[in-house]
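Novice: I am attaching a structure below and will ask some questions about it afterwards.
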Amino acid sequence: VSDGHHSSEAGADAGEIIIDIPEINLAAGLDLFQGDILLPQNER
Amino acid sequence: NALRNETYRWKFPIPYILGDNLDLNAKGVILQAFEMFRLKSCVDFKPYEGEETYIFFKKEIGCWSMVGNLQTGQTLSIGERCDYRAIVEHEILHALGFYHEQSRMDRDDYVTIWWDQIITDKEHNFVKYDDGYITDLNTPYDYESVMHYAPFSFNKNASIPTITAKIPEFDDIIGQRLDLSAIDLERLNRMYNCTSTHTFLDHCSFESENICGMIQGTRNDLDWVHQLSATGQQDHTISGRCRDAGYFMYFNTSSGQADEVAVLESRILYPKRTQQCLQFFYKITGSLSDKLIIWLKEDDGTGNVRKMRKIQTFQADNDHNWKIAHVTLSAQKKFRYLFQGLKGNPSSSSGGIAIDDITLTETPCPTAVWVIRNFSQILEKPTSGFIESPRFYSPEGYGFGITLQPHSRISGYTRVAFHLCSGENDGVLEWPALNRQAVLTVLDQDPDVSKRMSSSKSFTTSKDHVSPGKTLIWDKPSTAGIFDASCNCYRSLSWGWTNFISHSQMRRRSFLKNDDLIIFAEFHDITHLNYTEVPVKPQQSSFMEDLTLERQKRAAQDTEPIQDQLPYLQDPCDPNPCQNDGICVSVKGRASCRCPSGQAFFFTGERCQSMQIHGNILGITVGGIAGTIVLTIVLISMMAGRQR
Chain A
1 VSDGHHSSEA GADAGEIIID IPEINLAAGL DLFQGDILLP QNER
Chain B
1 NALRNETYRW KFPIPYILGD NLDLNAKGVI LQAFEMFRLK SCVDFKPYEG
51 EETYIFFKKE IGCWSMVGNL QTGQTLSIGE RCDYRAIVEH EILHALGFYH
101 EQSRMDRDDY VTIWWDQIIT DKEHNFVKYD DGYITDLNTP YDYESVMHYA
151 PFSFNKNASI PTITAKIPEF DDIIGQRLDL SAIDLERLNR MYNCTSTHTF
201 LDHCSFESEN ICGMIQGTRN DLDWVHQLSA TGQQDHTISG RCRDAGYFMY
251 FNTSSGQADE VAVLESRILY PKRTQQCLQF FYKITGSLSD KLIIWLKEDD
301 GTGNVRKMRK IQTFQADNDH NWKIAHVTLS AQKKFRYLFQ GLKGNPSSSS
351 GGIAIDDITL TETPCPTAVW VIRNFSQILE KPTSGFIESP RFYSPEGYGF
401 GITLQPHSRI SGYTRVAFHL CSGENDGVLE WPALNRQAVL TVLDQDPDVS
451 KRMSSSKSFT TSKDHVSPGK TLIWDKPSTA GIFDASCNCY RSLSWGWTNF
501 ISHSQMRRRS FLKNDDLIIF AEFHDITHLN YTEVPVKPQQ SSFMEDLTLE
551 RQKRAAQDTE PIQDQLPYLQ DPCDPNPCQN DGICVSVKGR ASCRCPSGQA
601 FFFTGERCQS MQIHGNILGI TVGGIAGTIV LTIVLISMMA GRQR
């Protein structure tokens, strides 16, 4: 393990942090049934 | 937690459309999820060709689906940040008819819902269903289900959970987004009566005496030995978990003569695609000239499996650890695969050749395999440092590497990321390398591929990926990267996930078997997925219909996995072309009818369409009628003579 600091560009921290379905949908302002279920119109 | 009503179930393959508003990466991830269903269940998908019912994958806001087959054509959304394989699997399981695990009727026996911690008006996310509406398919509550929500879902306070397990050990497990759990698959396969899968062919961990139907070669005197682990010779299947347990196959090379061989042959296997990947673990502890050779024995065209092809040779080295191997077979007819052990120099050998945990699937072998040994020791050091893989080459020729940070800046997680490396092909390749999908997989080394829950994440290179200095990451590494003496190459900035996998996840399951962490990496051009959308139910002029059909055909070709399907994949007996209860048999890919036969009648013709009477019955009947007529004439003539 190369310790301490990043000696190369590859070690730098870029990309994403994974978040789960409820967080994604809440952040998007969605209010679906059970978080991610779209009910057909007659069941809403 | 499956819908009881069978009208909501799908017939396979399920038609699908990949909408063009989907991110390119999402399209690739959806196809990966399809492949996982094909590997582990009988669920299959096909490009839409005008069917009434289908799934239209679109990029709407968020990740969501409808539950079950609504028989109308339905949308499934893979929105921003939803393009992960496990999330797509979760949404597809909804579409297949499953609700969330924590909405089972009996969930209060297994989890606690902290109602006061739920965001106001979001309580409906934790409703339960009555067992008259859903069924657990006679399976236990599954904390590991990909359909379970995580502890902090819909919470008011970031550090207080809304759902916890009654057995606290499972608090780290609920909400896992690795892959389908074993019970998810059991339910899916029960619900859809799956008896086989599409791309799984063979698996053997040699734990049972029948060694999975493998046979010892008959043309040589020596055999592989079915050996129990002992001190100094551990198997791979349950390596490190128990002493004196677990079997593997072993060929002792420390006695006898040089060039003696032992051959282990698989049973006969029937391919559906044109490419297979044989994965196994091996170790060679004998002399440096010992060899393990993989052969393919194929149908010679007459139905006999005898046409030999040497595929790959593994040479001994000084590394006596279990190693993972991948061999591409490319069998197109029925075949066996063979392990040939070859003694190099018995006088310099004190060991032999061992093989274990074989898996044969009809999927491509991984492009890059990186093994990090003694990983738990690395995890124990509280360092913020990182490890870089050797340079690998993609099928197109791009050099790339993997960066692993055991302790990422998010406590308790490991960062895994992808970077480009300069390489020998850079002068001819396309730069920047855009629209390439990088797939990183931390392997769960469970011997049974259907039980593996590997962590796989993907992204697709885009012009939006820029370094802090505003340079495009995917430009030539010799200009965008920094020189690294360890590979004598330039490495670019890595792009990945700070919370790729948690330390607790890695310590569970078989991620660290033998204390080895194994990471697979892929880097493929997916530009061909840019235009995949086809119109629904075209009602157009014949010119436009032709145009649409041509586009559908192209989309179908583009969106199917790269591997070719063999022509006999389509069952000629489905639907059964035989009439009058004839039994259909596939002979060389063509339907052949076996017609029913009764005591008096039998059916003939290509489709059993003609009814005939058995010859003896006909003879008896005709003879009887003729005899009766003759007798009647004789009697009438005798009676007439008496009257005269």
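If you're matching them up, the sequences are chains A and B in order.
So the first sequence is numbered by the working numbering: it starts at 1 and just counts up by one.
So the second sequence is numbered by the working numbering: it starts at 1 and just counts up by one.
Quick reminder that beta carbons are idealized off the backbone N, C-alpha and C, glycines included.
Quick one, are the C-beta atoms of A262/B and W295/B less than 8 Å apart?
Specialist: Taking 8 Å as the Cβ cut-off, A262/B and W295/B do not qualify as a contacting pair.
Novice: With 8 Å as the C-beta to C-beta threshold (strictly closer), list the residues of the stretch 154–167 of chain B near chain A in chain order.
Specialist: Listed by position, the residues of the stretch 154–167 of chain B near chain A (Cβ gap below 8 Å) are F154.
Novice: Check each candidate in T274/B, L188/B, Y413/B and T363/B and name the one with the smallest Cα separation from H90/B.
Specialist: Nearest C-alpha to H90/B: L188/B.
Novice: Taking the alpha carbon of G217/B as the reference point, which residue from Q234/B, E265/B and L228/B has its own alpha carbon closest?
Specialist: It is E265/B whose Cα lies nearest to the Cα of G217/B.
Novice: Is there at least one Cβ from chain B nearer than 8 Å to Q41/A's Cβ?
Specialist: No - not a single Cβ of chain B is within 8 Å of the one on Q41/A.
Novice: Would DSSP call A165/B helix, strand or coil?
Specialist: Here A165/B sits in strand by DSSP.
Novice: In the stretch 475–502 of chain B, which residues sit with their C-beta less than 7 Å from some C-beta in chain A, listed in chain order?
Specialist: Of all residues in the stretch 475–502 of chain B, G481, I482, D484, R491, S492, L493, S494, W495, G496, W497, T498 and N499 have a Cβ within less than 7 Å of some Cβ in chain A.
Novice: Counting only Cβ-Cβ distances shorter than 8 Å, please list the residues of the stretch 86–114 of chain B near chain A, keeping chain order.
Specialist: Correct list: I87, H90, E91, H94, Y99, H100 and S103.
Novice: Using a Cβ-Cβ distance cut-off of 8 Å, determine whether G62/B contacts chain A.
Specialist: Taking Cβ atoms only, chain A reaches closer than 8 Å to G62/B, which makes this a yes.
Novice: Counting only runs that start and end within the stretch 212–297 of chain B, where is the beta strand (DSSP E) found for 3 or more residues in a row?
Specialist: For the stretch 212–297 of chain B, whole beta strand (DSSP E) runs of length 3 or above, ordered along the chain, are 225–228, 247–252, 261–265 and 277–284.
Novice: Please check if any C-beta of chain B sits within less than 8 Å of the C-beta of L38/A.
Specialist: Chain B contact via Cβ: present.
Novice: Return no unless some Cβ of chain A is closer than 8 Å to the Cβ of L70/B.
Specialist: By this cut-off, L70/B is an interface position.
Novice: So what does F483/B bridge to, in DSSP terms?
Specialist: Note: F483/B sits in a beta bridge opposite Y490/B.
Novice: Within its chain, find whatever has a CB closer than 6 Å to the CB of L569/B; leave out the 5 residues flanking it on each side and keep chain order.
Specialist: Because the pLDDT at L569/B is just 43, under 50, the model does not fix this residue reliably, and the value given afterwards should be weighed accordingly. Closer than 6 Å at the Cβ level, and outside the excluded window around L569/B, lie K272.
Novice: So, helix, strand or coil for L329/B, using DSSP?
Specialist: Note: L329/B maps to coil in three-state DSSP.
Novice: Would you please verify whether the beta carbon of N435/B is less than 8 Å from any beta carbon of chain A?
Specialist: By this cut-off, N435/B is not an interface position.
Novice: Between T72/B, D299/B and S486/B, which has its C-alpha nearest Y8/B's C-alpha?
Specialist: It is T72/B.
Novice: Straight-line CA distance for I355/B to N125/B?
Specialist: Approximately 49 Å between the Cα atoms of the pair.
Novice: Contact between the stretch 466–474 of chain B and the stretch 395–403 of chain B is defined here as three or more beta-carbon pairs at a separation below 8 Å; is this criterion met?
Specialist: The stretch 466–474 of chain B is not in contact with the stretch 395–403 of chain B.
Novice: Could you tell me which of D184/B, D171/B, T441/B and F170/B sits nearest to L137/B, measuring between CA atoms?
Specialist: For L137/B, the nearest C-alpha among the options comes from D184/B.
Novice: At a CB-CB cut-off below 7 Å, which residues of chain A make contact with M249/B?
Specialist: In chain order: nothing, as chain A lies at least about 36 Å away.
Novice: Could you tell me the alpha carbon to alpha carbon distance between T139/B and V67/B, rounded to whole angstroms?
Specialist: Straight-line Cα distance between these residues: approximately 20 Å.
Novice: Among the residues of its own chain, which have a CB less than 8 Å from the CB of H198/B, if the five just before and after it don't count?
Specialist: So the qualifying residues of the chain are R38, L39, C42, D44, K272 and E362.
Novice: Does at least one heavy atom of the ligand NAD sit under 7 Å from the Cβ of L631/B?
Specialist: The model on display carries no ligand, and the ligand NAD is accordingly not part of it.
Novice: Below 8 Å on C-beta distance, what does H124/B contact in chain A?
Specialist: Ordered by position in chain A, the residues that pass the 8 Å Cβ test against H124/B are F33 and Q34.
Novice: Applying the criterion that 16 or more other CB atoms from any shown protein chain within 10 Å of the CB defines a buried residue, is Q234/B buried or exposed?
Specialist: Counting Cβ neighbours within 10 Å, Q234/B comes out buried, since at least 16 surround it.
Novice: L65/B touches chain A at which residues, Cβ-Cβ below 8 Å?
Specialist: Reading the sequence as shown, one finds Ser at residue 65/B and not Leu. Residues of chain A passing the Cβ test: D36, I37 and L38.
Novice: Compare the C-beta of A150/B against all C-beta atoms of chain A and say whether one is closer than 8 Å.
Specialist: Yes, its Cβ sits closer than 8 Å to a Cβ of chain A.
Novice: As a quick exercise: from D515/B, A521/B, L288/B and Q340/B, pick the residue whose alpha carbon is nearest that of R436/B.
Specialist: Closest by alpha carbon: A521/B.
Novice: Leaving out the 5 sequence neighbours to the left and right, which residues in its chain are closer than 6 Å to H236/B when beta-carbon positions are compared?
Specialist: Closer than 6 Å at Cβ, skipping near neighbours: F281, W322, D356 and D357.
Novice: Are any of the Cβ atoms in chain A nearer than 8 Å to that of C82/B?
Specialist: So, interface residue.
Novice: In whole angstroms, what separates the C-alpha of G35/A from that of Q377/B?
Specialist: The alpha-carbon atoms of G35/A and Q377/B are separated by roughly 40 Å.
Novice: By how many angstroms is the C-alpha of R373/B removed from the C-alpha of G132/B?
Specialist: Approximately 51 Å, taken between the alpha carbons.
Novice: Is L404/B helix, strand or coil by DSSP?
Specialist: L404/B falls in the strand class under three-state DSSP.
Novice: So which residues of chain A does R177/B contact, with C-beta pairs closer than 7 Å?
Specialist: Residues of chain A passing the Cβ test: D20.
Novice: Mapping DSSP to helix, strand and coil, what is P535/B?
Specialist: Reduced to three states, the DSSP call for P535/B is coil.
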